[in-house]
Amino acid sequence: MTEDVEPGRTVPKETMGHRAATIVGEPVVEGIGRIAGFVNCYTFQAGDEVFVIDTGYRRGAQPVVRAFRSAGVPLTQVRRVLLTHHHIDHRGGAAYLLEHTGAPISCHADDVAFVDGSDRAPMSILMRLFLRPRSAPVTTALKDGDRVGELSVVHLPGHTPGEVAFYEPRRKILFSGDSVVEHDGRLTLPAPKYAANLELAVHSLDRIRSLEVEVLLPGHGVPVTKGVSGLLADLIRRAPAQFLRGPTR
Ligand SMILES: [Zn+2]
Numbered sequence: 015m016t017e018d019v020e021p022g023r024t025v026p027k028e029t030m031g032h033r034a035a036t037i038v039g040e041p042v043v044e045g046i047g048r049i050a051g052f053v054n055c056y057t058f059q060a061g062d063e064v065f066v067i068d069t070g071y072r073r074g075a076q077p078v079v080r081a082f083r084s085a086g087v088p089l090t091q092v093r094r095v096l097l098t099h100h101h102i103d104h105r106g107g108a109a110y111l112l113e114h115t116g117a118p119i120s121c122h123a124d125d126v127a128f129v130d131g132s133d134r135a136p137m138s139i140l141m142r143l144f145l146r147p148r149s150a151p152v153t154t155a156l157k158d159g160d161r162v163g164e165l166s167v168v169h170l171p172g173h174t175p176g177e178v179a180f181y182e183p184r185r186k187i188l189f190s191g192d193s194v195v196e197h198d199g200r201l202t203l204p205a206p207k208y209a210a211n212l213e214l215a216v217h218s219l220d221r222i223r224s225l226e227v228e229v230l231l232p233g234h235g236v237p238v239t240k241g242v243s244g245l246l247a248d249l250i251r252r253a254p255a256q257f258l259r260g261p262t263r
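Each residue of the sequence shown is one higher than the last, beginning at 15 in my numbering.
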């Protein structure tokens, strides 16, 4: 844990397991920073490289750009942009980051068409006018079990067809995207109206539970670093009634 590490500070070499690196964003654990906003974006140090996981909804990826600037790390250090899924709040800044870093964009194969613009995700006209979403070419279509540096891709369909989490087995860290999110100290699913297939989303929770997770870094809410398995079990217990049968029936 790195409670003593301030944003933008250099983590001592001996604690990193590899060369000293500056954490971009609010430090969560060694080598991982959180860029909080409507959506959490994360930075992940992989040796000399920095991965950005999700980009926020802004076309100019402002939260990510600001976090790099305040850490004093050039944006060109970004080597990969990993998207947990195609929703605009997670990939709105992807095209901008590609232009300014050259970093390849990866997302699951089943969400590629919504990121590269060959298909259009449903969105109200007002939202479309407000956000002016930009498509971005996807360099790597991911599938379950793929490795991206130290991270493995875990396909958790439901919220979107190609929802994925990124799992670092060494420290049991899960970047969960919107497959499971945090709200008021509990784990939950995002609002059902945003789910492509709610039943699948609930089913995917079992897959998450099959992983050993000690640090859960969700797309919404705050990182969970204690009692993850208990919180997951609690969600799995109540999810069918809360999300499938609905509270009023
Ligand atoms: Zn989403």
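Even for Gly, the Cβ is constructed at its ideal location relative to N, Cα and C.
Of the listed residues the options, nearest to residue i (C-alpha basis)
| i | options | result |
| --- | --- | --- |
| residue 210 | 43, 138 and 192 | 192 |
| residue 219 | 74, 170, 87 and 204 | 170 |
| residue 113 | 146, 45, 100 and 151 | 151 |
| residue 116 | 91, 244, 140 and 124 | 91 |
| residue 216 | 166, 199, 248 and 236 | 248 |
| residue 197 | 119, 136 and 245 | 245 |
| residue 173 | 182, 190, 161 and 158 | 190 |
Backbone secondary structure at residue i - three-state DSSP
| i | result |
| --- | --- |
| residue 52 | coil |
| residue 203 | coil |
| residue 268 | For the chain, the structure presents residues 15 to 263; residue 268 sits outside this window and is missing. |
| residue 135 | coil |
Range covered by the alpha helix (DSSP H) that runs through residue i
| i | result |
| --- | --- |
| residue 147 | No alpha helix (DSSP H) contains residue 147, which DSSP labels as neither H nor E. |
| residue 166 | Here residue 166 belongs to no alpha helix (DSSP H); instead the beta strand (DSSP E) covers 165-169. |
| residue 77 | 76-85 |
| residue 115 | 108-115 |
| residue 217 | 212-224 |
Spatial neighbours of residue i in its chain, beta-carbon cut-off 7 angstroms, leaving aside the 5 residues before and after
| i | result |
| --- | --- |
| residue 257 | 203, 206, 212 and 216 |
| residue 110 | 73, 74 and 75 |
| residue 38 | 47, 57, 64, 81, 82, 85 and 87 |
Endpoints, the beta strand (DSSP E) within which residue i is located
| i | result |
| --- | --- |
| residue 180 | 178-182 |
| residue 92 | 92-96 |
Segment contact, 8 angstroms Cβ cut-off, at least three pairs: the stretch 116-129 with the stretch 198-212
no
Given 8 angstroms as the limit, is there contact between the stretch 97-111 and the stretch 53-70, that is, 3 or more CB pairs closer than that?
yes
Would you call the stretch 229-247 and the stretch 37-52 in contact, with 3 or more CB pairs under 8 angstroms?
yes
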